[in-house]
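Student:
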Amino acid sequence: MTGTVTALFRDDFYLSTCEARVTAILEGGGIELDQTCFYATSGGQPGDTGFLEREDGSRIDIVETRHGANKDVIVHISADGAPVPAVGEKLVLHIDWPRRYRLMRMHTACHLLSVVCPFPITGAAVGEEESRVDFDMSETIDKDEVTAGLMKFVEENHPVYVQWITDEELAANPGIVKSKNVRPPMGLGRVSLVCIGENSSIDSQPCGGTHVSETQEVGAIHIAKIEKKGKENRRFRIRFATPEDGVAV
Ligand SMILES: [Zn+2]
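Residue numbers for the sequence shown follow UniProt numbering, so the first one is 1 and each next one is one higher.
(1) Quick one, which of 53, 62, 11 and 127 has its alpha-carbon nearest residue 239's?
(2) By Cβ distance below 8 Å, which residues in the same chain neighbour residue 47 in space, the five residues on each side in sequence not counted?
(3) Apart from the five residues just before and just after residue 80, which ones in its own chain have a Cβ nearer than 8 Å to its Cβ?
(4) Counting along the chain, where does the alpha helix (DSSP H) carrying residue 100 start and finish?
(5) Using C-beta distances below 7 Å, list every residue in its chain close to residue 136, excluding the 5 sequence neighbours before and after it, in chain order.
(6) Rounded to whole angstroms, what's the CA-CA distance from residue 1 to residue 24? Just pull it up for me.
(7) Which runs of the alpha helix (DSSP H), 4 residues or longer, sit entirely within the region 127 to 159?
(8) How about residue 175: is its Cβ closer than 7 Å to a heavy atom in ligand 1?
(9) Would you mind reading off the limits of the beta strand (DSSP E) that contains residue 171?
(10) Say yes only if the C-beta of residue 194 is nearer than 7 Å to one or more non-hydrogen atoms of ligand 1, and no if none qualify.
(11) Run the proximity test for residue 207: is its beta-carbon closer than 7 Å to any non-hydrogen atom belonging to ligand 1?
(12) Consult DSSP for residue 9 and reduce its assignment to one of helix, strand or coil.
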């Protein structure tokens with residue numbers, strides 16, 4: 001049987017560990033828990049990896065986290081050959097925090113890019129080393145100018161926070177959704193609006209992912225490439241910058 005999980009990461013992006021009880025074991029190494037800090041793949045952000053610690057100190061490695069039949073179900077996929085815990089067993093959860101934190105920095109950078117390039121988004125994928133955002137645009141744009149625009153927001157260190165609104169409020173304000181093809185995270189009765197700047201002065205966008213709490217945490221990033229994908233589509237690749245990239249680190 002699969003059941004509703006308390007998704008602790010929705011209210012605390014910085015929670016890297018918590019306790020939980022096993023509620024179900026699925027075919028193929030899937031583990032369901034009563035609560036979790038493991039983010040499940042969604043909205044272009046990959047799910048968390050890490051390990052579950054048993055009472056005797058042994059570990060169950062988790063290679064992927066994803067949703068089940070709906071968003072109320074979160075399945076932790078264990079590594080091949082990992083021990084199988086018992087239903088009811090108490091575990092301590094540990095996400096791979098360095099990996100998640102890079103994803104949070106990258107994900108926040110994608111939001112900043114949507115401000116620097118105010119065009120409709122047709123797709124996005126957040127990655128540990130590189131993220132991509134596709135825009136519905138035909139304009140030619142200089143990548144160094146975009147990098148400068150991103151780094152300005154990073155250096156100004158604006159707050160990043162979540163505001164919860166109801167599905168009805170979102171339906172009444174369709175203009176706040178920038179994605180053309182990616183539907184906002186509705187169906188939970190409430191939608192998280194990711195706001196950047198005091199009183200959302202920079203941006204607000206419905207998003208169910210995890211983000212850093214200040215733009216400075218994003219660190220040095222740059223646009224590595226802008227690719228033309230069809231007449232009205234541009235793919236931007238964001239990477240963390242090194243001193244060789246000419247961006248102040
Ligand atoms: Zn987001």
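Each residue gets a CB set at the ideal place from its N, CA and C atoms; glycine is no exception.
Tutor: Taking the geometry as given:
(1) 127
(2) 38, 39, 40, 41, 64, 65 and 66
(3) 29
(4) 97 to 116
(5) 119, 120, 122, 180, 232 and 233
(6) Here the model assigns residue 1 a pLDDT of 47, short of 50, so the residue's position is not dependable and the matter cannot be decided.
(7) 143 to 156
(8) no
(9) Taken as a continuous stretch (DSSP letters only), residue 171 belongs to no beta strand (DSSP E), being part of the alpha helix (DSSP H) at 167 to 172.
(10) Yes, the Cβ of residue 194 comes within 7 Å of a heavy atom of ligand 1.
(11) yes
(12) Three-state DSSP puts residue 9 in a helix.
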